[in-house]
Amino acid sequence: MARTILSTLFAALLIPGPLMAAPVAYLLDRAASTVAFETAFGPDLITGTIPLDIADLTLDFDSVANCTVAVQLDVSGAEASFPFAAQALKGPKVLDAVAHPKMVFKSTAVKARGDGAIVAGNLTIRGVTRPVQLAAEIFRQKGTVEGDRSRLTVRLTGKINRSDFGATGWSDMVDDAVRIIITARIEAKG
Amino acid sequence: MALRNTPDSFGLVTRLLHWTTALLVIVMLSLGLRIADMEPGLANLWLYGLHKTLGLTVLGLILVRIGWHIASPVPRPIGGPGWDHLAARAGHIAFYLLLIGIPLSGWAGSSATGIDVMFADRWVVPPIAAVSEAGEAFWFRLHDIQTKLLIGLIIVHGLAALKRETAGDGTLTRMIRGRTKD
Chain Y
90 MARTILSTLF AALLIPGPLM AAPVAYLLDR AASTVAFETA FGPDLITGTI
140 PLDIADLTLD FDSVANCTVA VQLDVSGAEA SFPFAAQALK GPKVLDAVAH
190 PKMVFKSTAV KARGDGAIVA GNLTIRGVTR PVQLAAEIFR QKGTVEGDRS
240 RLTVRLTGKI NRSDFGATGW SDMVDDAVRI IITARIEAKG
Chain C
71 MALRNTPDSF GLVTRLLHWT TALLVIVMLS LGLRIADMEP GLANLWLYGL
121 HKTLGLTVLG LILVRIGWHI ASPVPRPIGG PGWDHLAARA GHIAFYLLLI
171 GIPLSGWAGS SATGIDVMFA DRWVVPPIAA VSEAGEAFWF RLHDIQTKLL
221 IGLIIVHGLA ALKRETAGDG TLTRMIRGRT KD
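Structure, rendered in structure tokens:
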């Protein structure tokens with residue numbers, strides 16, 4: 090996937106182009122974007138996806154600190170690697186999709202790190218908001234030429250403890266730590 | 071070989087229901103204890119489904135048995151009236167209550183988790199309790215207590231049947247062959 094895409098990351102700063110002058114707002118391509126998660130279930134893994142509802146991203150290739158990320162997920166559309174896991178995930182003991190159908194992440198600070206960035210922000214699950222950090226990478230999409238930042242793929246990864254958000258159901262069976270991988274395909278507005 | 075019970079003998083239907091239920095209950099108790107101790111994973115998740123399927127089957131068998139015993143009443147106890155007959159009568163009533171109550175509490179507890187209860191991994195059984203953590207804890211606690219009572223009752227029932235059989239009254243023989251030797 091992204092292996093076929095030239096990794097530009099925030100090192101794209103090095104690429105000259107007209108979009109470098111100011112922060113650029115991007116629109117989400119929902120159909121091509123995913124939020125995946127995985128957690129341990131005994132000796133196995135439960136994997137799944139949660140549909141991305143909204144992703145507002147503003148990228149500033151001149152100053153990483155000016156970048157902002159806001160993501161909203163549709164918890165009621167969550168799916169898992171086997172049916173019972175999806176029901177458990179959306180049920181009242183974990184994400185409680187009926188009472189809290191949306192999961193939200195809003196960045197509060199973005200710092201460059203290596204070829205990518207660290208995005209600090211607030212994550213709200215089950216109505217509980219906790220600070221989290223996500224590692225960010227940006228890739229130029231397949232079919233675009235070098236220096237073209239009109240269509241990008243943003244990959245945000247991180248790990249949370251679900252108990253921090255009160256999602257404690259089936260703690261005797263399913264691990265507390267959950268790994269999240271957000272792959273947002275975005276297109277520059279205008 | 072008579073299907074129906076008579077005043078002195080057990081018919082084939084009653085004996086089949088008795089021994090099938092007994093076998094299923096022993097399998098269920100073993101399975102339940104195994105599930106309670108194991109580390110859940112994808113490889114053994116099917117055991118939960120099997121436990122629920124067999125539990126609902128036991129419930130169905132007991133309801134069939136009650137219906138059958140209304141249609142074809144069971145024979146009189148062997149021997150004259152006494153405290154042991156009263157105890158046996160109380161034990162049988164307790165068996166029926168537990169064999170109805172245990173599947174129902176398990177079904178209710180599973181319903182309260184919010185996860186579908188499946189029969190034979192194919193049909194979704196309607197929930198009989200609202201989704202609630204407090205409800206789940208209550209029903210599964212009750213399920214646990216009822217199961218322990220059933221284990222005790224099975225031991226007493228088995229020992230009592232053996233005692234009467236060794237005393238020569240043919241109680242166990244009648245449940246196996248339908249009638250006493252003589």
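Sequence lines, in order, name chains Y and C. Under the working numbering, think of the first position of the first sequence as 90, with each following residue one higher. Under the working numbering, think of the first position of the second sequence as 71, with each following residue one higher. Beta carbons: idealized from backbone N, C-alpha and C, even for Gly. Note that the coordinates shown come from a computational prediction; the quantities given were computed from them, not determined experimentally.
query: For Y/Ser152, three-class secondary structure by DSSP; result: coil
query: Cβ-based burial, Y/Lys248 [other Cβ within 10 Å; buried from 16]; result: exposed
query: Proximal residues of chain C, C-beta to C-beta of Y/Phe173 below 7 angstroms; result: Ile185
query: Test: Y/Lys200 CB closer than 8 angstroms to a CB of chain C; result: no
query: In DSSP terms, what Y/Thr218 is bridged to; result: Y/Thr213
query: Three or more C-beta pairs below 8 angstroms linking the stretch 114 to 129 of chain C and the stretch 177 to 195 of chain C; result: yes
query: Cβ shell of C/Ile221 (< 7 angstroms), same chain only, five flanking positions each side left out; result: Leu99
query: Check whether Y/Val243 and Y/Thr128 have beta carbons under 8 angstroms apart; result: no
query: Per-residue contacts from Y/Asp133 into chain C (C-beta, under 8 angstroms); result: Gly111, Leu112, Ala113
query: Proximal residues to C/Leu212 (C-beta, below 7 angstroms), its chain only, five neighbours per side dropped; result: Ser175
query: Start-to-end residues for the beta strand (DSSP E) that takes in Y/Glu280; result: No answer is possible for residue 280 of chain Y: it lies beyond the span of chain Y, which begins at 90 and ends at 279.
query: Test: C/Glu235 CB closer than 8 angstroms to a CB of chain Y; result: no
query: DSSP state of Y/Val158 mapped onto helix, strand, coil; result: strand
query: Residue burial classification, Y/Ser196 (beta-carbon count within 10 angstroms, cutoff 16); result: buried
query: Those residues which DSSP pairs with C/Gly152 across a bridge; result: C/Gly152 is not bridged to any residue.
query: C-beta atoms of C/Ala182 and C/Ala160 nearer than 8 angstroms; result: no
query: Beta-bridge partners of C/Asp107, as assigned by DSSP; result: None; C/Asp107 has no bridge partner.
query: Within chain Y, the residues that C/Val201 reaches when beta carbons sit closer than 8 angstroms; result: Gly180, Pro181
query: Min CB distance Y/Phe126 to chain C below 8 angstroms; result: no
query: Alpha-carbon spacing of Y/Val183 relative to C/Gly184, whole angstroms; result: 11 angstroms
query: Cβ contact (3+ pairs, closer than 8 angstroms) linking the stretch 111 to 123 of chain Y and the stretch 146 to 159 of chain Y; result: yes
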